[in-house]
Amino acid sequence: MTLGATTGAWAVDGADERLAQIRGWQELPDLASVNWHEDGTEELAAHLNERNVGIEAGLWTVDAAEGWASSPHAAECRRILVEVPDLPDDRVRATPENILAVIAESGHDLPILLHGEERSAWPAVRLARELGLDTRIGLEDTLTRPDGTVTASNAELVALCRDVWRS
C-alpha cells in the first residue's frame, strides 16, 4: 500500500504557511502531490525529498510542466498527475496533449495519471484510455455520470469508469 497526501495551496494561507505545516508532519505519507503551478513548489519539493517523502508532480498547465521539467527535483518524482481543469469537451484534448509533449521532451520516464475535473472528467478518462495512461475518477473529480446526470455514489463512478475503460 502507498499512502499519499495533498499539499495543495488551497489547504492553508500561503506558501510559507503550507511549508510550515508540512515541516510539522510527525507521521509521513509515502507520497505527496505537489502542484507545480503553485507558489513555493521548489522549496516544498526539496523539503519532501529531505524527509524521503515521494513526490507526485501535479501538472495543470504547459507552464507548470515546463517548470517541472527544468526543476532539479523532476527526476526525484515518482509519478506525474496531468490534471485537466473544468473545460468544454472540445478543449479537453489539447491541454493534456501539450503537457504530455513537454513531459516527453524532458526525457523523464515516469508513470502518468491523467484525470479531469467536472466537465473534463469523462473526456479525460476516455483520453487516458486512448493513450494508455492511468486515470482516476471520484467525487472530487465530478458529481455526474458520463450522461451528465448526478451520480449516486463514488462506487457508481468507479463502475461507470470501468465500463468506459472496457468499451
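Take 1424 as the starting number for the sequence shown in this note's numbering and just add one per residue. For every residue, glycine included, the Cβ atom is placed at its ideal position computed from N, Cα and C. Predicted model only: the values in this text are computed from it and were never measured.
If you reduce the DSSP assignment to three classes, tell me which class residue i lands in.
{"i": "Thr-1425", "result": "coil"}
{"i": "Glu-1461", "result": "coil"}
{"i": "Val-1573", "result": "strand"}
Anyone know if the C-beta pair for residue i and residue j falls short of 8 Å?
{"i": "Ala-1432", "j": "Glu-1461", "result": "yes"}
{"i": "Arg-1502", "j": "Pro-1452", "result": "no"}
{"i": "Leu-1504", "j": "Leu-1482", "result": "yes"}
{"i": "Leu-1583", "j": "Arg-1568", "result": "yes"}
{"i": "Gly-1539", "j": "Ala-1547", "result": "yes"}
{"i": "Thr-1558", "j": "Leu-1566", "result": "no"}
{"i": "Val-1457", "j": "Ala-1480", "result": "yes"}
{"i": "Leu-1467", "j": "Leu-1442", "result": "yes"}
{"i": "Ile-1445", "j": "Thr-1430", "result": "yes"}
{"i": "Ala-1455", "j": "Ala-1428", "result": "yes"}
{"i": "His-1531", "j": "Ala-1497", "result": "yes"}
{"i": "Ala-1544", "j": "Asp-1513", "result": "no"}
{"i": "Val-1587", "j": "Arg-1542", "result": "no"}
Grab the span of the alpha helix (DSSP H) containing residue i for me, first residue to last.
{"i": "His-1470", "result": "1464 to 1473"}
{"i": "Glu-1579", "result": "1577 to 1589"}
I'd like to know if residue i contacts chain D, where contact means its C-beta is closer than 8 Å to some C-beta of that chain.
{"i": "Thr-1464", "result": "Here there is only one protein chain, and chain D is not present."}
Span of the beta strand (DSSP E) holding residue i?
{"i": "Leu-1537", "result": "1535 to 1539"}
{"i": "Glu-1563", "result": "Per DSSP, Glu-1563 belongs to no beta strand (DSSP E) and is neither H nor E."}
{"i": "Leu-1556", "result": "Where Leu-1556 is concerned, there is no enclosing beta strand (DSSP E), given that its DSSP letter is neither H nor E."}
| field | Segments assigned beta strand (DSSP E), at least 3 residues, entirely inside the region 1428 to 1458 | value | 1454 to 1458
| field | Whole beta strand (DSSP E) elements within the region 1486 to 1543, 3-residue minimum | value | 1500 to 1507 and 1535 to 1539
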